[in-house]
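Asks:
Protein chains: 2
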Amino acid sequence: MSTRLLTVAAAQLGPIPRDEGRGAALDRLIALMRAAAARRARLVVFPEGALTAFFPHWFMDEPAEIDAYFEKDMPNPDVQPLFNEARRLEIGFCLGYFELAREGDVVRHYNTSILVDERGGVVGQYRKIHLPGHAEHQPRQNFQNLEKRYFDVGDLGWPVWRAFGGNVGMMICNDRRWPEAYRVMGLQDVELVLLGYNTPYVSVNGLDEPPHLPMFHNLLSMQAGAYQNATWVVGVAKAGIEEGVHQIGGTCIISPLGEIVAQAATEGDELVCATLDLDLGLGQKRGSFRFDAHRRTEHYGLIVERTGAKGPKD
Amino acid sequence: MSTRLLTVAAAQLGPIPRDEGRGAALDRLIALMRAAAARRARLVVFPEGALTAFFPHWFMDEPAEIDAYFEKDMPNPDVQPLFNEARRLEIGFCLGYFELAREGDVVRHYNTSILVDERGGVVGQYRKIHLPGHAEHQPRQNFQNLEKRYFDVGDLGWPVWRAFGGNVGMMICNDRRWPEAYRVMGLQDVELVLLGYNTPYVSVNGLDEPPHLPMFHNLLSMQAGAYQNATWVVGVAKAGIEEGVHQIGGTCIISPLGEIVAQAATEGDELVCATLDLDLGLGQKRGSFRFDAHRRTEHYGLIVERTGAKGPKD
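Here the protein sequences come in this chain order: A and B. Quick note: the first sequence, position 297, residue 297 per the numbering used here, numbers continuous. For the numbering used here, count along the second sequence from 1 and bump the result up by 1000.
As structure tokens, this is what we get:
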């Protein structure tokens, strides 16, 4: 048995109503954090945008109305109680939220997550890179997916940090469908990927997909990313029916061999815990996935040279 | 219903004994090809190294003994009957074999597959890029995985060809565990990936893995590659106990949504057929996986810049 054991809690959230203030969400996060501490977790992982409803699902035009969903500082008075409680419990956390960043005269809007250690220090920050959906209001859709309207593309890449005894990285929601995101972290020897998501059962692509597919694709993408990079993955949902949009649950903890070792059973607030052996991926990393022995970068050029697909006849 | 329908047969093979000549293997390939034609398939897919036993599982030192497993020309008198029968039946095929290539004064050894159209013309050739295993004899192992000894790394990339009414690419065995392989083809708008494999239940990594994992990883990798690139994948095994090494079956046809639509039930010679709608991936390619709208190549640089993994503290 390895000595690099880390007990992690994935804190799934049920829906957050649009008209609910930060306070009610904070109370739920703190309750989940306390339950995680009681399970002896050293790290609790909250979903994407854990402080408010997932507002890209509807159209807004007023900057002030949009900005009300964003945090101008982190921490700030609204979320300070979560930081305080974490320090008191000596538990680390990963928190998704919407970030308003002033860069000189420019204001940027990011879909962000931070990693906070057991002493309350911010270890790392990630800004979502793969923004799904569309930028224009599509009034004929039942709901919107306006991430391309409300958010700027993240500018921090996918860093990996030494934290909690291992190498830890973050991604957010749609990132998990893109093998490039895992691989950039895999090349930094990541051992634990933390990610939150808000994923509807029905897409706004105009696709007429069987309703089981979003859950299947959620798990498939995370399991493949975990296996192919020999890393633990903790995926955390905001689930249930939020403002008329039914979102998948499926919060889970996936081993470096790609298997689900713990999974949520509900679409509400629910804690999923596991004790992770951070050495479990070492066998793969020294064998089938010893990247320096097996990767052939001279044949991967198209991945960075070409953005869109171009068929052989084009 | 789309008009771009293609009936494909995946022709799984049971073991080929080491002392069996090409003739006996050819007879089996032809029998499977006839069965495929009887099912109205336009394309039959054979596994990796379909003409001989999978010799990287044992150590050899004599060049002549090694070269006996390689084809110096393709077609050649030994395999001509397969080409003849294909032309007679008006069926295309994908064939894995070991290729001895003379390039000027240099002799190269490749693990190769070719795609042959219904008129018997070679449409495309692929040489395996991700060679697994090791280059040195490891006498303490129960069997070897000497692909790095016997083969040169493929030098043709992953081209995609117009064939059989769609965009078709090939990979071989271990390639399927590497998302880069699918993505390079996805960026060429691939619609059908053909691949064969020889995959033991027990790895030579020195890993003590539960025996269900090789099949799980086989399917997981192919399903994720299919889904994330919205392409059909046909994976074909050489299965069963060959020269003391038990290889997985699991030959299957996977849809662009990542689901297995047909799968082998045995570890012997077995035909798995399905009629593929080559338009099935279009919804994803225009939506969630519209690469030009969503990929962020400026953040993928590490994938080509770095071969091996390097942790954040290194």
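Here a beta-carbon is modelled for each residue, glycine too, at the ideal position from N, C-alpha and C. All of these numbers come straight from a predicted model, not from anything done at the bench.
Measuring alpha carbon to alpha carbon, tell me which residue in 1017/B, 1217/B, 1280/B is nearest residue 1238/B.
Replies: 1017/B
Asks: Look at residue 193/A and residue 233/A and say whether their C-beta atoms are less than 8 Å apart.
Replies: yes
Asks: By alpha-carbon positions, which one of 200/A, 272/A, 177/A ends up nearest to residue 1226/B?
Replies: 177/A
Asks: How big is the Cα-Cα spacing for residue 284/A and residue 87/A?
Replies: 36 Å
Asks: Looking at the strands, I want to know which residues DSSP matches up with residue 126/A.
Replies: Partner(s): 113/A.
Asks: Would residue 268/A be called buried (16 or more neighbouring beta carbons within 10 Å of its own) or exposed?
Replies: Residue 268/A is exposed by the Cβ-count criterion.
Asks: Compute the Euclidean distance between the alpha carbons of residue 125/A and residue 11/A, then round it to the nearest angstrom.
Replies: 19 Å
Asks: Output yes if chain B places a C-beta closer than 8 Å to the C-beta of residue 183/A; else output no.
Replies: So, interface residue.
Asks: Run through chain B and tell me which residues come within less than 9 Å of residue 291/A, C-beta to C-beta.
Replies: 1306, 1307, 1308, 1309
Asks: According to a CB-to-CB cut-off of less than 8 Å, which residues of the region 33-59 of chain A neighbour chain B?
Replies: Within the region 33-59 of chain A, no residue qualifies.
Asks: Below 8 Å, can you find three or more Cβ-Cβ pairs linking the region 1094-1103 of chain B to the region 1132-1140 of chain B?
Replies: no
Asks: For residue 1313/B, which three-state DSSP category applies?
Replies: Coil at residue 1313/B, not helix or strand.
Asks: How far does the alpha helix (DSSP H) with residue 184/A in it reach, from first residue to last?
Replies: 179-186
Asks: Check the Cβ of residue 1161/B against every Cβ in chain A and list those closer than 9 Å, keeping chain order.
Replies: 312
Asks: Does residue 1304/B come out as helix, strand or coil in the three-state DSSP assignment?
Replies: The answer is helix: DSSP assigns residue 1304/B an H, G or I state.
Asks: For residue 109/A, which residues in chain B fall below 8 Å Cβ to Cβ?
Replies: In chain order: nothing, as chain B lies at least about 16 Å away.
Asks: Residue 168/A: buried (16+ other C-beta within 10 angstroms of its C-beta) or exposed?
Replies: buried
Asks: Which parts of the region 1239-1289 of chain B are runs of the alpha helix (DSSP H), unbroken and 4 residues or longer, counting only runs that do not cross its ends?
Replies: Fully contained in the region 1239-1289 of chain B are the following alpha helix (DSSP H) runs of length 4 or more, in chain order: 1282-1286.
Asks: Taking the C-alpha atoms as reference points, what is the distance between residue 24/A and residue 1256/B?
Replies: 42 Å
Asks: Are the beta-carbon atoms of residue 1057/B and residue 1143/B separated by less than 8 Å?
Replies: yes
Asks: In chain order, what are the residue ranges of uninterrupted alpha helix (DSSP H) at least 4 long that sit wholly in the region 1064-1092 of chain B?
Replies: 1080-1089
Asks: If I measure Cβ to Cβ from residue 1100/B and keep anything under 7 Å in the same chain, skipping five residues before and after, which residues do I get?
Replies: 1067, 1070, 1071, 1072, 1107, 1109
Asks: Looking at the unbroken beta strand (DSSP E) that takes in residue 1235/B, where does it start and where does it end?
Replies: 1232-1237
Asks: Select from the region 117-134 of chain A all residues with a C-beta closer than 8 Å to any C-beta belonging to chain B, and list them in chain order.
Replies: 129, 130, 131, 132
Asks: Buried or exposed: where does residue 1061/B fall if 16 or more other Cβ atoms within 10 Å of its Cβ makes it buried?
Replies: Burial call: exposed.
Asks: State the Cα-Cα distance for the pair residue 1220/B and residue 1021/B, rounded to the nearest angstrom.
Replies: 34 Å
Asks: In chain order, what residues of the same chain lie with their CB nearer than 7 Å to the CB of residue 14/A, ignoring the 5 residues before and after it?
Replies: 239, 240, 267, 268, 269
Asks: I'd like to check one pair, residue 147/A with residue 278/A: are the Cβ atoms closer than 8 Å?
Replies: no
Asks: Using only CA atoms, which one of 59/A, 111/A, 215/A lies nearest to residue 51/A?
Replies: Minimum Cα distance to residue 51/A is reached at 111/A.
Asks: Compute the distance between the beta-carbons of residue 248/A and residue 254/A, then report whether it is under 8 Å.
Replies: no
Asks: Given a cut-off of 8 Å on the beta-carbon distance, is the pair residue 246/A and residue 210/A in contact?
Replies: no
Asks: Helix, strand or coil for residue 1229/B? Go by DSSP, reduced to three states.
Replies: helix
Asks: Is the beta carbon of residue 252/A sitting closer than 8 Å to the one on residue 265/A?
Replies: no
Asks: Say whether chain A places a C-beta atom closer than 8 Å to the C-beta of residue 1216/B.
Replies: yes
Asks: Spell out whether any CB of chain A is found under 8 Å from the CB atom of residue 1266/B.
Replies: no
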